[in-house]
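Residue numbers (our numbering): 203 to 360. We treat Cβ as the ideally placed atom computed from N, Cα and C, and that holds for glycine. Fair warning: this is a prediction, and the values are worked out from it, not measured in the lab. Everything on this sheet refers to the single structure shown next.
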Ligand SMILES: [Zn+2]
Ligand SMILES: [Zn+2]
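Quick look at the structure:
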């Protein structure tokens, strides 16, 4: 979603939009380490936007469904992603921007594209260490049985 900065005022504007799952998944495919995680649906964004002078304030929540592989039992499962965010977006002054300004982003011109900001939040909310359930019993190291759904066969050998 692109907003025109001159249209924003100090009055808080509610925004709701979606970013397509395909866009996020393409970004994950392009970077290593996300082989086991995919967005199962669009990333939903609920936020508030307002402007003070030339600074744009954008806060809200991203949410969506993610399909992951449990690192303990190796089964696929779907979990609800949710993350709150808060940005202050200031005009780029041109030249070198200090990269390490925590929570400060930049825009240039009159158009501000919110998509890269919220997609980044969606990716930051991913957690490859998440288990399918707190009580996941995992796989037996001996026979490889998924102990959530079947019994260990080790004792029955011999
Ligand atoms: Zn599991
Ligand atoms: Zn076993």
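- Look at the beta carbons and you see the segment 350 to 358 not touching the segment 305 to 325: under three pairs across the two are nearer than 8 Å.
- Beta bridge pairing from DSSP links residue 263 with 248, 286.
- Around the Cβ of residue 245, a 10 Å sphere holds 16 or more other Cβ atoms; the residue is buried.
- Three or more beta-carbon pairs drawn from the segment 257 to 265 and the segment 286 to 293 are found closer than 8 Å, and the two stretches are therefore classed as touching.
- Short of 6 Å from the beta carbon of residue 271, and not among the five residues preceding or following it, lie these beta carbons of its own chain, in chain order: 238, 278.
- With a threshold of 8 Å, the Cβ atom of residue 235 does not count as near ligand 2, since no heavy atom of the ligand is closer than that.
- Within 8 Å of the C-beta of residue 340 there is at least one heavy atom belonging to ligand 1.
- Under a 10 Å Cβ-count criterion, residue 253 is classified as buried, with 16 or more other Cβ atoms of the shown protein chains found around its own Cβ.
- When rounded, the separation of the alpha-carbon atoms in residue 220 and residue 340 is 35 Å.
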